[in-house]
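Note that the protein sequences, when read in sequence, are chains A and B.
The first sequence: position 194 = 193 (numbering that gives the first Met the number 0), numbered continuously.
The second sequence: position 407 = 406 (numbering that gives the first Met the number 0), numbered continuously.
What follows is a short report on a single structure.
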Amino acid sequence: MRFNWDNIDRRWIFLMMLITVAGPIIWQLAFPEIPTPYARAVFDAIEDLKPGDKVLVAFDYDPASEAELGPMATDFVHHCCEKKVKMYFVSLWPVGPVMVQDAIRNIIEADYPQMVYGQDYVNLGYKSGYEGVIKVIVTDLRSLYPTDTRGNSIDQLPMCRDVKNIQSMKLIVDVSAGYAGAKEWVQYAAVPYADKMKLVSGSTGVQSPQLFPYLPDQMAGLLGGIKGAAEYEMLVNERYSGPTPAPKYQEALRRMGPQLFAHLLMIGLIIAGNVIYFTQRRREGRSR
Amino acid sequence: MKRMIPLLIAAMAGYVLVASRFIPLAEKWGEVEAIWFDVLAAIAFVLGGGSLLKLHLRRISDRATGWGYSAITLAAFLATLYVGVAKTGARPSQEQEFYGQSFAVLKLEDLPESLTYRVTGRIPERADDEPLPLSVQRQLSQSGGDLVFHGWISGQQQGELLRFKEDLAWQCAVEKLVATAQPPAAFKGKVTYLADYSRLSFRGFMTDADHEALLKLGKNEAYVAAVEVLWKASRAESEVLVEWLPPGFSIPAARRASLSYDEGKHKLRIRGPMSVALRDELAGDHFPLVRPTTAEQRAAFLNELESHGGKLSEVQAHALDAVLANGWPVDGLRLVLDEAGHALPAEKSACDLYQEQQAAKGVAAATPKPTPPKVEPDVKLNDRQKAAIDEFVRESTGTVDDLAARLMAAGPFTARQEASLREFFAKVPTVGDQKLEACIAILRVGPLPRDQRNFLRDDYRHQNQWRQTVGDLFVRAHKVKYPWSGQYNSPGSWFGWAYEYIFKPCTATMFALLAFYVASAAFRAFRAKNFEALLLLGTAFIILLSQTFAGYWLTSWLPSDPQTNALAWLRMENLKILIMRVFATAGTRAIMIGIALGLASTSIKIMLGQDRSYVGRD
Chain A
0 MRFNWDNIDR RWIFLMMLIT VAGPIIWQLA FPEIPTPYAR AVFDAIEDLK PGDKVLVAFD
60 YDPASEAELG PMATDFVHHC CEKKVKMYFV SLWPVGPVMV QDAIRNIIEA DYPQMVYGQD
120 YVNLGYKSGY EGVIKVIVTD LRSLYPTDTR GNSIDQLPMC RDVKNIQSMK LIVDVSAGYA
180 GAKEWVQYAA VPYADKMKLV SGSTGVQSPQ LFPYLPDQMA GLLGGIKGAA EYEMLVNERY
240 SGPTPAPKYQ EALRRMGPQL FAHLLMIGLI IAGNVIYFTQ RRREGRSR
Chain B
0 MKRMIPLLIA AMAGYVLVAS RFIPLAEKWG EVEAIWFDVL AAIAFVLGGG SLLKLHLRRI
60 SDRATGWGYS AITLAAFLAT LYVGVAKTGA RPSQEQEFYG QSFAVLKLED LPESLTYRVT
120 GRIPERADDE PLPLSVQRQL SQSGGDLVFH GWISGQQQGE LLRFKEDLAW QCAVEKLVAT
180 AQPPAAFKGK VTYLADYSRL SFRGFMTDAD HEALLKLGKN EAYVAAVEVL WKASRAESEV
240 LVEWLPPGFS IPAARRASLS YDEGKHKLRI RGPMSVALRD ELAGDHFPLV RPTTAEQRAA
300 FLNELESHGG KLSEVQAHAL DAVLANGWPV DGLRLVLDEA GHALPAEKSA CDLYQEQQAA
360 KGVAAATPKP TPPKVEPDVK LNDRQKAAID EFVRESTGTV DDLAARLMAA GPFTARQEAS
420 LREFFAKVPT VGDQKLEACI AILRVGPLPR DQRNFLRDDY RHQNQWRQTV GDLFVRAHKV
480 KYPWSGQYNS PGSWFGWAYE YIFKPCTATM FALLAFYVAS AAFRAFRAKN FEALLLLGTA
540 FIILLSQTFA GYWLTSWLPS DPQTNALAWL RMENLKILIM RVFATAGTRA IMIGIALGLA
600 STSIKIMLGQ DRSYVGRD
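What follows is the structure, given as C-alpha cells:
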C-alpha cells in the first residue's frame, strides 16, 4: 500500500513548525539586517526632531500582536528618549494603556530615570470612539483628555499646559495592529493637517499592504511587521546603543531568526505540496 | 417610533458631521458629537454586558450544546467586572495619599470667616472666554472692586492664577493675594486647606501649642470638630520592632517630640504620620558615604578583604580597584559649591513691573518709584571651607549635616550652596552600596569565598534591614485616605494579575496558532493549478524570502543600487518594494476607492432615511 502524502496528519506539520521556530529561539540565532528606504525614513523622521519637540505616540495594539509590534514600540520609545523629545502617549485600543505602561516601566523608568513624568512624558490613556477620538483631539485635546491615566488634571502637568490640540505635535508615531490605527491617523490627522505634523507608523505584516498607498506623502515612513522593526532597531542601535545593546533593544533582531526558518519551512511545504499534487495528477492521468 | 428615533439620531449625526467638515463655524459641532459618542458608548457597554448575561444564562438554562463554555464565559465576565470595578488589590494612588499629612473633612462654607482674604483687584476676562482655573473656582470670587479668597492659597493655585492672564495688573493683584491668603507664620508649611477635597490638612505631629493656636482661628462647630479630628490623627502612635540599629543612632533633636526609641523593647515609635522627607532622612543619614580614595587606601582595603579569605586573582584585584577608585572628585564638589554661590540676578516682582509700566505711561506720576532689588554678592569657598571639605574626605564617619555645619562655621555659605551640597551627596553611594558593587564586580570575573562575600555584603545587608524597618514604620504610621484612588490595572491588583497571566498569554497564544494553521493550509491549498495561481505562488515566494535574511543572502551578488543598474531590481529586497509599491498599492487603492464610494452612497442613503436596515426589522 502506497502512503498518501496528501492526507498527511496535520499534526506532523505542526510539529515541524514547532521545531523550526523553537530551534532559533533556543540557540538565539540572529542575522544582520539591511534597512529598506521605509525603515530609514522612519528613523530619519525621528532623527530630525530636536530636543523638546512634542511627539504623539499612539499604541494601537493589544497583547495578541505584542510579539510582532512590541519590539518596534520599544525601539520607538528608546529612540524618542535618546532624542530627548516630549512624548504624549495615547491609545485607541482599550488595552493600549497597559502596553504604554510596560514601555514606560521597561524603558523610560529603567534606562532614563532622569526623565520626569508630566515634564518629559505623559500617558493620556485610552478613549473610546475610534477615529472619533482623532477627529476631536486634532482641534481640542482637553475636551477628551481632561486627565491622564493617573487621574492628574492635565492642567497640572507642565508639558500639557500649552497643548491645546495635537496640531502642536511635530510628529505622530503610531504602532498599529488594525482598526482603529494607522489608516485612521492618516485620514483624520496627517492629511488634514499635513503642513503641521508628520506621521510614521509601525504595523503588523498583514496590515502593511493597506498602508503602502500612503507612502511617502501622507505617511513619512512605515515599518512592516517584525522585519521592519528589525531594520529600524538596527539603525537605532547603531546610533545610540554602542557595541553591546541591552537584550531588550535587540528583540526584533532576535525574532528574525525564527521568522527566517518558519518562512523557509513554509516555502518547503508549498513546494512539497505542489510536487505531491503534480505527481498525483500525473499518476491519475496515467491510470485513466 | 421605535425605529424613527434611531433613524433621526443617525441622520442628524450625519448632517452635523458633514457640516462640521465643510463649514468652519460648525467645526466645534463635530467635537461635541464625538463626546456624545462617548456617552452613548458607555451606555452601549452596559447594554452589551446585559445582553451577554442574558444570552449565556439562557444557553446554560437550556443546556444548549456547549453550555459549559457559556458558564466559563459568564464566570470570567463577572470576575473581571468585579475585580475591575472594586479595584481589588489595587494600591491607592501615590498622588492622592498626601503622605505625612492628616486630613479632616471641612466644607468650604464651614471655613471660619477669619480665613477669608481680600485684596483690591479685578478678575480679568480672557479673549477665549476661558473661565478661572478649576483649582480656584470655588475659592476665588469678585466682590465689588475686591478679589475675595476663602482659605489659604497653595503654590499650585498661585501658578495657575499667574498663568491665567499675562497682564501685569492681574499678576500684581495675584501677588498681593498670595502674600495675604497664607496661614499664620507658626503654621506655614504645616496646615493647608484643600478645597477640591473639602479637607483641612495638618502636616506631621501637632503640638499642644499648635492645637490651641489652630482653635483660635475659628469658633464654628464644624471647624472646631475638624481641628479636633486633626489633633487626634496627628498624634496617633505607631511603632515597629527594630532588629538592627545603626551604630551611634540617635533621634535628631528637632524630631524628639514625635519620634522616640525604646531601648528596652527595641521599638521605634512615631506620633502622627511620617512624611517622605522624614522617612528618607531616617533611612539614609546613618550610613557613611563613599569618599575619594588614594592608592594606599585601596591597597589597605584589598589586604583587609584578603585577610577574610584567600588571595584575589589579578583580574579580581583590578575589578575591585576599579570600583573603589570610582569615587566623587573633590574638585567637582568645590566647583559645584562655587557655582551655586553665584548671585542670581534679582527678579522684579509683577507689582514692581506694574508700577514701572504705570509710571512710564504717566498714569501714576505720584507713585513712588519701586526700590531696585538688592543684588547679593557672589560667594566663593574660602580656604577654611576648602580645608573643611578636605578634612571631611579624610575622615570616614562625618555626615553631610556635619559638613554643612562646618562650612557654615568656616565662612559665608548661602542656602543655595547648602541645597547644592545636599543634591551632590544625594547621588553619592554609601560605603555599603560600594562594597556590594565591588562584590558583584569581583564575582563577575572569578569566585569568592563565603567569608569574603559576607565581608563585602554585610554593610549593605544592615543598611537594607534598617531601611526596611523605617519603611515599615512609614507604612504603619500612614492612614490610607483614598483606597479607591489607585488604577484598577496597576501591578499587583487582581485585574492586573488576570491581565498579565490569563488574558495576555491567551490572546498571544491565539495569534501564535496562526503560524501553525497557515503552514498546514499552505501545504494543502497553495497549488499552482493555473496561471493566476502560479503568479500568486511566485509573488508569495518573493515576499516570504524577502522578509528574511535568506532573501538578501540569495541575491546579494547582484548590484545593489537600482538607480545605476537595472539588474539591481532583481535583488529580493528591491523586488519586494516593487511588488508592494506597484502591484499591491494599485490593488489596495482600487479597493479603497471602491469602499469610499460605497461608504459615501450608503451614508447618503442613511441620512435620507432610504437605508433603514441597520435598525433591524419591526
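Where is the CB? At the ideal position from N, CA and C, for every residue including glycine.
- Residue-level contact by beta carbon holds for R526 (chain B) and chain A, with a gap shorter than 9 Å.
- The DSSP assignment places complete beta strand (DSSP E) segments of no fewer than 3 residues inside the stretch 259 to 328 of chain B at 266 to 270, in order along the chain.
- Annotated as proximal: P272 (chain B) and G99 (chain B), with beta-carbon spacing under 9 Å.
- Fully contained in the stretch 148 to 182 of chain B are the following alpha helix (DSSP H) runs of length 4 or more, in chain order: 154 to 163 and 167 to 179.
- In this structure the stretch 216 to 236 of chain A touches the stretch 36 to 46 of chain A; the number of beta carbon pairs closer than 8 Å is three or more.
- Residues are counted here when their Cβ sits less than 9 Å from a Cβ of chain B; for the stretch 87 to 108 of chain A these are V94, P96, V97, Q100 and R104, given in chain order.
- Cβ contact annotation for R526 (chain B) (same chain, cutoff 7 Å, sequence separation greater than five): A532, in chain order.
- Counting every other CB atom within 10 Å of its CB across the protein chains shown gives A521 (chain B) a total of 16 or more, marking it as buried.
- Against chain B, the beta carbon of D61 (chain A) has neighbours under 8 Å at T506, listed in chain order.
- Listed along the chain, the chain A residues whose CB falls inside 7 Å of the CB of I576 (chain B) are T35.
- S90 (chain A) and T538 (chain B) have their C-alpha atoms some 35 Å from each other.
- Only residues of its own chain outside the window of five on either side were considered, and among them T538, I541 and I542 have a CB closer than 8 Å to the CB of I578 (chain B), listed in chain order.
- For R588 (chain B), the chain A residues whose C-beta falls within less than 9 Å of its own C-beta are P212, listed in chain order.
- By the neighbour-count criterion, in which a residue is buried when 16 or more other Cβ atoms sit within 10 angstroms of its Cβ, A229 (chain A) is buried.
- Exclusion of the five residues before and after E237 (chain A) leaves no residue of its chain whose Cβ lies closer than 8 Å to its Cβ.
- For the stretch 424 to 446 of chain B, the beta-carbon criterion of a distance under 9 Å to any beta-carbon of chain A is satisfied by none of its residues.
- T554 (chain B) sits away from K226 (chain A), with the two beta carbons spaced by 9 Å or more.
- Using a Cβ distance threshold of 9 Å, Q462 (chain B) and V322 (chain B) do not count as a contacting pair.
- Taking A9 (chain B) as the centre and dropping the five residues before and after it, the same chain places the C-beta of I605 closer than 6 Å to its C-beta, in chain order.
- Here N122 (chain A) is near R149 (chain A), since their CB atoms are less than 9 Å apart.
- The beta-carbon of N273 (chain A) is placed less than 9 Å from the nearest beta-carbon of chain B.
- Counted as a single uninterrupted DSSP element, the stretch harbouring D457 (chain B) is not any beta strand (DSSP E) but the alpha helix (DSSP H) occupying residues R449 to A476.
- The beta-carbon separation of H265 (chain B) and V289 (chain B), rounded to 30 Å, does not stay under the 8 Å limit for a contact.
- When DSSP states are grouped into helix, strand and coil, F248 (chain B) belongs to the coil group.
- By the criterion of a C-beta distance shorter than 6 Å, Y481 (chain B) is surrounded in its chain by P91 and Q95, once the five residues flanking it on both sides are discounted.
- With respect to the C-alpha of Q118 (chain A), the residue from A:K126, A:I153 and A:P93 having the closest C-alpha is A:I153.
- Against chain B, the beta carbon of P215 (chain A) has no neighbour under 7 Å; the closest one sits roughly 10 Å away.
- K163 (chain A) and L14 (chain A) have their C-alpha atoms spaced approximately 55 Å apart.
- A distance of 9 Å or more separates the beta carbons of V41 (chain A) and G272 (chain A).
- Ranked by Cα distance from L447 (chain B), the first of B:L281, B:A316 and B:Y487 is B:A316.
- 9 Å or more divides the Cβ of R270 (chain B) from the Cβ of F201 (chain B).
- In this structure, A235 (chain B) keeps its C-beta atom at 9 Å or more from the C-beta atom of A103 (chain B).
- Contact note: T138 (chain A) reaches chain B through E26, K27, G29 and E30, using a C-beta cutoff of 9 Å and chain order.
- Within the stretch 117 to 137 of chain A, the residues whose Cβ lies closer than 8 Å to any Cβ of chain B are, in chain order, K126, S127, G128, G131, V132, K134 and V135.
- The Cβ atoms of V94 (chain A) and Y498 (chain B) lie closer than 9 Å to each other.
- Per DSSP, reduced to three states, the secondary structure at F277 (chain A) is helical.
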